[in-house]
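Visitor: Numbering (our numbering), first residue to last: 4 to 262.
Even glycine gets a Cβ: it sits at the ideal position worked out from N, Cα and C.
Bear in mind that the values here come from a model prediction, so they are computed numbers and not experimental data.
Pasting a structure below so you can have a look.
Set out below in structure tokens:
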């Protein structure tokens with residue numbers, strides 16, 4: 004067989020294989036979530052609490068090493084506010100194509116159109132998303148993800164999970180995060196190394212957010228009588244509120260700078 008033809012035939016297969024693993028793992032998670040018994044009203048499923056607490060302890064140790072807390076100083080320098088804001092805006096803008104796709108999958112055309120318009124404005128006038136003129140025009144981001152898409156489609160919440168480094172989630176949201184990686188238009192359109200910029204921006208935005216909400220995070224991790232239980236409660240309550248399951252819950256991570 005012609006060498007060029009053989010390579011062209013193998014390339015799509017390699018691409019499918021790259022996306023097949025996270026998608027397959029997500030399918031397994033959804034199956035396990037469906038098998039999980041539903042929580043009592045207002046409760047949660049945490050059958051792996053002992054393991055989750057151990058992971059949480061490791062996460063707290065990492066957080067303390069990098070960012071400080073509990074009377075210790077971290078190794079990560081404070082990011083100046085203008086730079087932190089630009090990085091956060093850039094990462095948020097790169098995430099908009101995925102939110103548009105999920106809004107379409109949820110049959111919600113209005114948020115899809117609004118996020119599309121926001122993406123166009125911030126990608127052009129906002130210099131690639133570093134600035135956020137769309138918000139000043141009243142075109143706010145309507146956030147969503149494939150975890151919410153799964154909820155709309157009827158997938159159960161599943162068990163509560165504490166992930167290394169990434170923190171609290173559920174089986175449904177973990178499956179949604181894996182699928183988001185596969186279907187994200189940024190990852191589909193761009194290939195390595197270009198799409199690594201999106202990953203780097205997302206990581207930098209998490210660092211900026213950790214520093215911006217330092218008082219709140221440290222009050223949960225280092226000052227609560229039971230930081231694990233407090234973090235679990237806050238995550239579950241706010242996630243259910245985002246999905247419209249819970250009554251109004253104050254968002255502890257609301258941007259105190261109004262940006």
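1) Mind pulling the alpha helix (DSSP H) runs of 4 or more residues that sit fully within the region 48 to 107?
2) Let me confirm a value: residue 121 is counted as buried when at least 16 other C-beta atoms fall within 10 Å, else exposed. Which label applies?
3) Taking the alpha helix (DSSP H) that residue 236 belongs to, which residues open and close that run?
4) Thinking just about the alpha-carbon of each residue, which of 181, 220 and 80 is nearest to the one in residue 62?
5) In angstroms, rounded to a whole number, what distance separates the CA positions of residue 56 and residue 49?
6) Measure the C-alpha to C-alpha separation of residue 134 and residue 127 and round it to an integer number of angstroms.
7) Relative to the C-alpha of residue 242, which candidate in 210, 176 and 87 has its C-alpha closest?
8) Please determine if the region 101 to 108 and the region 182 to 192 are in contact, where contact requires at least 3 C-beta pairs separated by less than 8 Å.
9) Give the single residue among 234, 148 and 137 whose Cα lies nearest to the Cα of residue 182.
10) For the pair the region 88 to 97 and the region 220 to 239, tell me if three or more CB-CB distances fall below 8 Å.
11) What do you reckon, are the CB atoms on residue 172 and residue 166 nearer than 8 Å?
12) What are the partner residues of residue 171, as DSSP defines its beta bridges?
13) Nearest-angstrom Cα distance between residue 206 and residue 226?
14) Taking just the CA atoms, how far does residue 58 sit from residue 233?
15) Taking the alpha carbon of residue 108 as the reference point, which residue from 85, 74 and 155 has its own alpha carbon closest?
16) Can you say whether residue 66 is buried or exposed, counting buried as having 16 or more other CB atoms within 10 angstroms of its CB?
17) Using 10 angstroms around the beta-carbon of residue 199, count the other beta-carbons present and answer buried if the total reaches 16, otherwise exposed.
18) How big is the Cα-Cα spacing for residue 245 and residue 212?
19) Can you give the Cα-Cα distance for residue 236 and residue 132, rounded to whole angstroms?
20) Do residue 95 and residue 144 have their beta-carbon atoms positioned less than 8 Å apart in this structure?
21) To the nearest angstrom, report how far apart residue 201 and residue 184 are at their CA atoms.
22) Provide the residue span of the alpha helix (DSSP H) that contains residue 218, from first to last.
Guide: So, from the listed chains and residues:
1) 52 to 70 and 84 to 97
2) buried
3) 230 to 245
4) 220
5) 11 Å
6) 10 Å
7) 176
8) yes
9) 148
10) no
11) yes
12) 165
13) 26 Å
14) 15 Å
15) 155
16) buried
17) exposed
18) 19 Å
19) 33 Å
20) yes
21) 11 Å
22) 217 to 224
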